[in-house]
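What follows is one structure encoded as structure tokens, with my remarks underneath.
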Amino acid sequence: MELKRVVVTGLGTLTPIGNTVSDYWNGLINGVSGAAPITKFDTTHFKTKFACEVKNFDPENFMDRKEARKLDPFVHYALASTDEAVKDAGLEFDKLDTNRIGVIWGAGIGGLKTFLDEVTYFAKGDGTPRFNPFFIPKMIIDIVSGHISIKYGLRGPNFATVSACASSTNALIDSFNYIRLGMTDVILSGGSEAIINEAGIGGFNAMHALSTRNDDPSTASRPFDKDRDGFVAGEGAGTIILEELEHAKARGAKIYAEMLGGGMSADANHITAPHPEGLGALLVMANALRDANLTTADIDYINVHGTSTPLGDLSETKAIVDLFGEHAYKLNISSTKSMTGHLLGATGAIEAVAAILSIQHNIIPPTINHFTDDPTIDPNLNLTFHKAQKRIVRAALSNTFGFGGHNASVIFKKYEGS
Amino acid sequence: MSDIASRVKAIIVEKLGVDENEVTPEASFTNDLGADSLDTVELIMEFEKEFNVAIPDDQAETIGTVGQSIAYLEKNVK
């Protein structure tokens, strides 16, 4: 059977550096850091006292107070970015077959704040289980795709993908596959995360995963720098509307880019540490290229996972050099986490948006916060340090790797009509 | 209005996101104030918390309006 073509027709983001796609993109190309001292809880006893929080966000701009109270922040964020994407795509659901429009969403952890509050309340009591009836439906990850479907009346495929920091990339790949197989026309895909609370920061601190550069939060996320000391926690959401090409053309939709392929792999090595030689990373990029029917020479930009952890950045750059060979040195590579922090389950979505917009604008967002070269990282790679670079971007690859050893990569390409 | 009645109304306004003037004694949680079954359970739990009482399930099932909740609590809150 012939596979359908899949295009991107709408974008929405809520990020630590901008609450709309245009603000996010402007933040990216201007090298803005979203890191600042944590405002959401008292960090006195915490090793890390800063994060990339979403700023000036009021869920009641997107839902009424009663609804907002029953939803965890990770769902608030998802409804906000999806509101923007649906409007951007010009989707008029009353004119479309909503049985063929789905929602596939990624989150790594889900309603952690809700879990923390409810369990804390229980633990302080006398053992009587007085759990709020909304506890479970507020916390579970898949509730987010449920809420989006309820809001818009979408009766197509509906579920959530969970693969830690690769979650929303897996959501995009699943969406892409269902559309190209002809099973649906449109999928509202993406991811959201909201873990900046005592449990999230305390938990990641216990793993020594977070930067503790408390004296200078805005330079703490420094991927590839010799003195990088861990990732900076971020939060937010990104929505990408994926649509079958002929369906998009029939309704005169604007087309940002074509989604060309997705790859998946596992490290099969360690629960949190990347494979030291980057074998899983190499495999996932190779799988994505094969799926897209492209060669390494067709790629101009890689938005890397690049979380600013000592091991992860090194193994990912090794994998790029090993797979891309000489072309590795002709690529633009950047880690936009240097600006946004690490949005965990939402990172695949917002970084796919960055890759899509790099194709649209022919601009590569930078890796900010570079101070000292790391002698173990190949100096001939163009890691797009400090400032955005102009470059024609024919196709871009976005990598995400999650705890558990899950790897997922997607490829977008300039749309060319046929 | 009794102290209990005003506290009950405040909880209903907060939890169901309705206007205070809609919270009349006859108003049904589900038919008039937009509550679903989970909202109703949550309301009962909030009453228990606010007034430090335990409302057994068979009693909770008889509380469907604003007036019924006030009457129940006025009778059972010491």
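Residue numbers (my numbering), protein chains in the order written: chain S, 1 to 418; chain A, 1001 to 1078. Don't be surprised by glycine CBs; every beta carbon is placed ideally from N, CA and C. Computed from a predicted model, the values in this text were never measured in an experiment.
Item                                                                                                                                                   : Value
Just checking, does the region 235 to 244 of chain S make contact with the region 170 to 189 of chain S on the three C-beta pairs under 8 Å criterion? : yes
Under 8 Å by Cβ, that's how I've got Phe1047/A and Val1008/A pegged, so tell me the actual separation to the nearest angstrom.                         : 7 Å
Using a C-beta cutoff of 8 Å, does Lys66/S count as contacting chain A?                                                                                : yes
Would you say Gly1017/A faces chain S, with C-beta separation under 8 Å as the test?                                                                   : yes
Measure from the alpha carbon of Ala268/S to the alpha carbon of each residue in Lys113/S, Ala281/S, Tyr256/S, Ile363/S, then state which is nearest.  : Ala281/S
Does the region 247 to 263 of chain S come close enough to the region 14 to 26 of chain S to have 3 or more Cβ pairs within less than 8 Å?             : no
Quick one, which of Ala292/S, Gly341/S, His208/S, Ile368/S has its alpha-carbon nearest Pro310/S's?                                                    : His208/S
Of all Cβ atoms in chain A, is any one closer than 8 Å to the Cβ of Pro421/S?                                                                          : Beyond the ends of chain S as shown, which are 1 and 418, falls residue 421/S; an answer cannot be given.
Measuring only between beta-carbons, confirm whether Arg5/S sits less than 8 Å from chain A.                                                           : no
Under a CB-based cut-off of 8 Å, is Val1023/A close to chain S?                                                                                        : no
Starting from Met1045/A and walking both ways along the alpha helix (DSSP H), at which residues does that stretch end?                                 : 1037 to 1051
Please classify Phe93/S as buried or exposed, where buried requires at least 16 other C-beta atoms within 10 Å of its C-beta.                          : exposed
When the distance is taken between beta carbons, is His147/S closer than 8 Å to Leu71/S?                                                               : yes
Could you list which residues in chain A have their beta carbon closer than 8 Å to that of Arg130/S, in chain order?                                   : Met1045, Glu1048, Lys1049
Measuring only the C-alpha atoms, how far is Asp378/S from Met259/S?                                                                                   : 30 Å
Under 8 Å between the Cβ atoms of Asn407/S and Met264/S?                                                                                               : yes
Hey, how far is the Cα of Ser398/S from the Cα of Ala288/S?                                                                                            : 10 Å
Tell me which residue opens and which closes the beta strand (DSSP E) that His406/S is part of.                                                        : 406 to 413
Interface residues of chain S around Leu1038/A at Cβ under 7 Å?                                                                                        : Pro133, Phe134
Are Leu1073/A and Asp1039/A closer than 8 Å when you measure CB to CB?                                                                                 : no
Helix, strand or coil for Ile140/S? Go by DSSP, reduced to three states.                                                                               : coil
For Thr1024/A and Arg65/S, I'd like the C-alpha separation in whole angstroms.                                                                         : 21 Å
Where does Asp291/S sit, in a helix, a strand or coil, going by DSSP?                                                                                  : helix
Can you list the residues of chain S that Val1008/A reaches, using a CB-CB cut of under 9 Å?                                                           : Near Val1008/A there are no residues of chain S at all, since even the closest Cβ is about 17 Å away, more than 9 Å.
Between Val1066/A and chain S, is any beta-carbon pair separated by less than 8 Å?                                                                     : no
For chain S, find out if any of its Cβ atoms is closer than 8 Å to the Cβ of Val1041/A; answer yes or no.                                              : yes
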